[in-house]
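Colleague:
Number of protein chains: 2
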Amino acid sequence: METKILDIVAKRWSPVAFSDKPVNEKILESLFEAARWAPSAFNEQPWRFIYARREKDTAFKKMLDTLVPGNHEWAQHAPVLALSLARVFFTYNGKPNPTAYYDTGMAVGNLLAQATYMGLFVHQMSGFSAENAREALRIPDEYEPIAMMAIGYYGNAKTLSGTLREREKKPRTRKPIEALIFRGGFPAG
Amino acid sequence: METKILDIVAKRWSPVAFSDKPVNEKILESLFEAARWAPSAFNEQPWRFIYARREKDTAFKKMLDTLVPGNHEWAQHAPVLALSLARVFFTYNGKPNPTAYYDTGMAVGNLLAQATYMGLFVHQMSGFSAENAREALRIPDEYEPIAMMAIGYYGNAKTLSGTLREREKKPRTRKPIEALIFRGGFPAG
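Chains as they are written, first to last, in the numbering used here: chain A, 1 to 189; chain B, 1001 to 1189.
Written out as structure tokens, the structure is:
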């Protein structure tokens, strides 16, 4: 990577080895506070978050149980689970909000930056049952569950099973910038 | 705001008064480089960006002309316009990617953090013609244009028309955290 970018962006990654060290309430609050200040179309602020702490909330197990087995295996050790949701209709006119997911993604971008700055790790999962989450967490129809996230401190990769340990070692990869950024439009032809 | 959050999150906002000072190419690159490192479902990296510089690219006018008049009025002064897009089908199996917009939002979250850190301002707009953008910028069917963004340095609010000057003065507002974050699920009943 030649182009210099912020450490909190460059060093963020999604581990599977979480420590069971709890996350201080104030620190957790700062993550959601950061999310709150994202921009959104018509300032709708469509993002919502449901969270639960492993040691304190019965909802933690409910959230954990929505995960596919491959995620359940490692996410059970994280001290906090959170679910991102989008309100998919505008409040002001009841019509579908085409950027609800996009705006919620920007809010989560803020959350990730804040978390990384606080020394925390966040691993988001789309491998969970949205239907079961809706039922277990009383999610009204106008909200769509998007991603379940494990939040906590880094643990010890040695405690992982063989498959997860291999996964943890893999370096992050991204497409080259030329495949993502186009000056003046998509290439002709 | 009692909870302490990162300055680059707290101080980001979307002005309408842009300076015509150009953005250095390396600095602009760092914004896209930051976007590149966002997480995404199955590491699909569905985000794409098209950009143009006012002084150098004929596409700048094409992009500007997709804007609704209320945006055109102020965005014409920004030195850079960029369009965020999402590839809405998975590359690996051709099926719809339900988190394409969300993941693209996270990439833009990174871009905004990097831009704010570099002293730049970004103002995103959903008020543009996606249809005209598709035509003018050769956007293939599998990509959806999401937000047009003006990127540049802060200008002088005194140069704005009366309506825009009033708009520029309004403080940012957000819903209270209690309306956005739910511990253990949505409230019963």
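No residue lacks a Cβ here, since even glycine has one placed at the ideal position from N, Cα and C.
Give the straight-line distance between the Cα atoms of K1004 (chain B) and T159 (chain A), rounded to the nearest whole angstrom.
Modeller: In the second sequence, counting from the first residue as 1, residue 1004 (chain B) sits at position 4. In the first sequence, counting from the first residue as 1, residue 159 (chain A) sits at position 159. Going from the Cα of K1004 (chain B) to the Cα of T159 (chain A) covers about 34 Å.
Colleague: Rank A:N110, A:P171, A:F186 and A:V9 by C-alpha distance to the C-alpha of E29 (chain A) and give the top, closest one.
Modeller: In the first sequence, the residue the question calls residue 29 (chain A) occupies position 29. Nearest C-alpha to E29 (chain A): A:N110.
Colleague: So, are the CB atoms of V80 (chain A) and E142 (chain A) less than 8 Å apart?
Modeller: For the purposes of this step, residue 80 (chain A) is taken as residue 80 along the first sequence, with counting starting at 1. For the purposes of this step, residue 142 (chain A) is taken as residue 142 along the first sequence, with counting starting at 1. No. Outside cutoff.
Colleague: Please classify V68 (chain A): does DSSP put it in a helix, a strand, or coil?
Modeller: The sequence position of residue 68 (chain A) within the first sequence is 68, counting from 1. Note: V68 (chain A) maps to coil in three-state DSSP.
Colleague: Taking Q114 (chain A) as part of the alpha helix (DSSP H), name the residues at either end of that continuous run.
Modeller: Position 114 of the first sequence, counting from 1, holds the residue named residue 114 (chain A). Q114 (chain A) -> alpha helix (DSSP H) spans A100 to Y117.
Colleague: What number of angstroms, rounded off, separates the C-alpha of M1 (chain A) from the C-alpha of D1103 (chain B)?
Modeller: Taking the first sequence and counting its residues from 1, one reaches residue 1 (chain A) at position 1. Taking the second sequence and counting its residues from 1, one reaches residue 1103 (chain B) at position 103. Residue placement at M1 (chain A) is flagged as unreliable, the pLDDT there being 47, under the threshold of 50; the coordinate-derived value follows with that caveat. Straight-line Cα distance between these residues: approximately 21 Å.
Colleague: In the DSSP assignment, what residue or residues form a beta bridge with R138 (chain A)?
Modeller: The residue given as residue 138 (chain A) occupies position 138 in the first sequence. Beta-bridge pairing links R138 (chain A) to no other residue.
Colleague: Relative to the alpha-carbon of A34 (chain A), which residue among A:A113, A:G185, A:H72 and A:E144 has its alpha-carbon at the smallest distance?
Modeller: By 1-based counting over the first sequence, the position of residue 34 (chain A) is 34. Comparing Cα-Cα distances from A34 (chain A) to each of A:A113, A:G185, A:H72 and A:E144, the minimum goes to A:A113.
Colleague: In the structure shown, what three-state DSSP assignment does V122 (chain A) receive?
Modeller: Taking the first sequence and counting its residues from 1, the one referred to as residue 122 (chain A) is at position 122. Here V122 (chain A) sits in strand by DSSP.
Colleague: Only counting the same chain, and skipping five residues up and downstream in sequence, which positions put a Cβ closer than 6 Å to that of N71 (chain A)?
Modeller: Taking the first sequence and counting its residues from 1, one reaches residue 71 (chain A) at position 71. Excluding residues within five positions, the ones whose Cβ falls inside 6 Å are M125 and G127.
Colleague: Can you find the residues in the same chain that come closer than 7 Å, C-beta to C-beta, to E144 (chain A), ignoring five residues on each side of it along the sequence?
Modeller: As a working mapping, residue 144 (chain A) is identified with position 144 in the first sequence. Counting only Cβ-Cβ distances below 7 Å, and skipping sequence neighbours, we find L85, A86 and V88.
Colleague: Looking at chain A, is there any beta carbon in it that lies within less than 8 Å of the beta carbon of E1131 (chain B)?
Modeller: Numbered from 1 along the second sequence, position 131 holds the residue referred to as residue 1131 (chain B). No, its Cβ sits nowhere closer than 8 Å to a Cβ of chain A.
Colleague: Take A1100 (chain B) and list the residues in its own chain whose beta-carbon comes closer than 7 Å to its own, dropping the five residues that flank it on each side.
Modeller: Residue 1100 (chain B) sits at position 100 when you count from the first residue of the second sequence. Around A1100 (chain B): P1046, A1086, R1087 and V1088.
Colleague: Taking the C-alpha atoms as reference points, what is the distance between E1135 (chain B) and V1068 (chain B)?
Modeller: The count along the second sequence starts at 1 and reaches residue 1135 (chain B) at position 135. The count along the second sequence starts at 1 and reaches residue 1068 (chain B) at position 68. Approximately 16 Å, taken between the alpha carbons.
Colleague: For I1005 (chain B), name the three-state secondary structure that DSSP assigns.
Modeller: For the purposes of this step, residue 1005 (chain B) is taken as residue 5 along the second sequence, with counting starting at 1. Correct three-state label for I1005 (chain B): coil.
Colleague: Bridge partners for G1152 (chain B) per DSSP, in chain order?
Modeller: Position 152 of the second sequence, counted from the first residue, corresponds to residue 1152 (chain B). Per DSSP, B:F1121.
Colleague: Identify, in the order they occur along the chain, each residue of the same chain with its Cβ nearer than 6 Å to the Cβ of K1175 (chain B), setting aside the five sequence neighbours on each side.
Modeller: The residue labelled residue 1175 (chain B) in the question sits at position 175 within the second sequence. So the list is empty, once near-sequence residues are dropped.
Colleague: Does the Cβ of Y117 (chain A) have 16 or more other Cβ atoms within 10 Å, making it buried, or fewer, making it exposed?
Modeller: Position 117 of the first sequence, counting from 1, holds the residue named residue 117 (chain A). By the neighbour-count definition (other C-beta atoms within 10 Å, threshold 16), Y117 (chain A) is a buried residue.
Colleague: List the endpoints of the continuous alpha helix (DSSP H) containing I181 (chain A).
Modeller: In the first sequence, the residue the question calls residue 181 (chain A) occupies position 181. Per DSSP, I181 (chain A) belongs to no alpha helix (DSSP H); it is in the beta strand (DSSP E), I181 to R183.
Colleague: Going by Cα to Cα distance, which pick from B:D1065, B:E1044 and B:S1040 is closest to Y1092 (chain B)?
Modeller: Stepping through the second sequence from its first residue, residue 1092 (chain B) is reached at position 92. The shortest Cα separation from Y1092 (chain B) among B:D1065, B:E1044 and B:S1040 belongs to B:E1044.
Colleague: Between P1187 (chain B) and K56 (chain A), what straight-line distance do the alpha-carbon atoms span, to the nearest angstrom?
Modeller: Position 187 of the second sequence, counted from the start, is the residue given in the question as residue 1187 (chain B). Position 56 of the first sequence, counted from the start, is the residue given in the question as residue 56 (chain A). The alpha-carbon atoms of P1187 (chain B) and K56 (chain A) are separated by roughly 17 Å.
Colleague: Given that G105 (chain A) touches chain B, what residues does it touch there, using C-beta distances under 9 Å?
Modeller: Counted from its first residue, the first sequence places residue 105 (chain A) at position 105. The contacting residues are A1038, T1099, Y1101, Y1102, D1103, T1104, G1105, M1106, A1107, V1108 and G1109.
Colleague: Hey, does F18 (chain A) have any beta-carbon neighbour from chain B nearer than 8 Å?
Modeller: As a position in the first sequence, residue 18 (chain A) is number 18, starting the count at 1. Judged by the 8 Å Cβ criterion, F18 (chain A) is not in contact with chain B.
Colleague: Kindly list, in the order they appear in chain B, the residues whose Cβ is closer than 9 Å to that of K61 (chain A).
Modeller: Within the first sequence, the letter at position 61 stands for residue 61 (chain A). Near K61 (chain A) there are no residues of chain B at all, since even the closest Cβ is about 11 Å away, more than 9 Å.
Colleague: Using beta-carbon positions only, say whether F1032 (chain B) and I181 (chain A) come within less than 8 Å of one another.
Modeller: Here residue 1032 (chain B) corresponds to residue number 32 of the second sequence, with the count starting at 1. Here residue 181 (chain A) corresponds to residue number 181 of the first sequence, with the count starting at 1. Yes, these two residues count as a Cβ contact at 8 Å.
Colleague: With 8 Å as the C-beta to C-beta threshold (strictly closer), list the residues of the stretch 1144-1167 of chain B near chain C in chain order.
Modeller: In the displayed structure, chain C is absent; the protein chains listed are A and B.
Colleague: Would a check of beta-carbon distances place T1003 (chain B) closer than 8 Å to chain A?
Modeller: For this step, residue 1003 (chain B) is matched to residue 3 along the second sequence. Chain A contact via Cβ: present.
Colleague: What does the Cβ neighbour count give for T1066 (chain B), buried or exposed, with the cut at 16 atoms within 10 Å?
Modeller: For the purposes of this step, residue 1066 (chain B) is taken as residue 66 along the second sequence, with counting starting at 1. By the neighbour-count rule (16 or more Cβ atoms within 10 Å), T1066 (chain B) is buried.
Colleague: Is G1094 (chain B) close to chain A, meaning its C-beta is less than 8 Å from at least one C-beta of that chain?
Modeller: Position 94 of the second sequence, counted from the start, is the residue given in the question as residue 1094 (chain B). So no, G1094 (chain B) is outside the interface.
Colleague: Pull up the distance between the alpha-carbon of A1130 (chain B) and that of A10 (chain A), whole angstroms please.
Modeller: In the second sequence, the residue the question calls residue 1130 (chain B) occupies position 130. In the first sequence, the residue the question calls residue 10 (chain A) occupies position 10. Spanning the two alpha carbons is a distance of roughly 32 Å.
Colleague: Determine the direct distance from the alpha carbon of R1165 (chain B) to that of A1082 (chain B), and round the result to whole angstroms.
Modeller: Translated into the one-based positions of the second sequence, residue 1082 (chain B) becomes position 82. Translated into the one-based positions of the second sequence, residue 1165 (chain B) becomes position 165. Cα to Cα, the separation comes out at about 24 Å.
Colleague: How many Å lie between R150 (chain A) and K1061 (chain B) at the Cα?
Modeller: One-based indexing of the first sequence puts residue 150 (chain A) at position 150. One-based indexing of the second sequence puts residue 1061 (chain B) at position 61. At residue 150 (chain A) the sequence reads Ala, which differs from the Arg that was named. If I take the Cα positions, the gap works out to 44 Å.
Colleague: Within this structure, are the beta carbons of A1078 (chain B) and G184 (chain A) separated by less than 8 Å?
Modeller: Along the second sequence, one-based indexing puts residue 1078 (chain B) at 78. Along the first sequence, one-based indexing puts residue 184 (chain A) at 184. By the CB criterion at 8 Å, A1078 (chain B) and G184 (chain A) fall outside the cutoff.
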